[in-house]
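Residue numbers (numbering that gives the first Met the number 0): 0 to 76.
For glycine and all other residues, C-beta sits at the position ideal for the given N, C-alpha and C.
All figures in this text were calculated on a predicted structure; none of them were measured in a lab.
Everything below concerns the one structure shown next.
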Amino acid sequence: MDATTVLAELSGNVATMGYGLAAIGPAIGVGIVVGKTIEGVARQPELAGRLQVLMWIGIAFTEALAFIGIATFYIFV
């Protein structure tokens, strides 16, 4: 094997591991958002509808990080 082949394989492996690590952040973020929403509903049940809407918006923004990770994976592979 020449140096170019080794570098290409190493780059692909690092990109795959990078996406795996990038997926951890959104998973933790979604868990925090949902947990805080449940906590908020337990404290103020009359605000359940409003908190649920805010929860979905928070999840959408948090999942945007996962999409950025996927795009980064395909850019560097």
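Within its own chain, the residues whose Cβ lies closer than 6 Å to the Cβ of Leu64, once the five positions on either side in sequence are excluded, are Gly24 and Pro25, listed in chain order.
For Ala47, same chain residues with a beta-carbon under 6 Å away, outside a window of 5 residues either side, are Val40 in chain order.
Scanning its chain for C-beta atoms nearer than 6 Å, with the 5 sequence neighbours on each side dropped, one finds around Thr36 the residues Leu50 and Met54, in chain order. Burial is judged here by how many other beta carbons sit within 10 angstroms of a residue's own beta carbon; Val52 has fewer than 16 and is exposed. Looking at Thr61, Ile69, Tyr73 and Gly68, the one whose alpha-carbon comes closest to that of Val32 is Thr61. Non-local beta-carbon contacts of Gly57 in its own chain, meaning distances under 6 Å to residues more than five positions away in sequence, involve Val32 in chain order. DSSP places Gln43 outside both helix and strand once states are collapsed to three, so it counts as coil.
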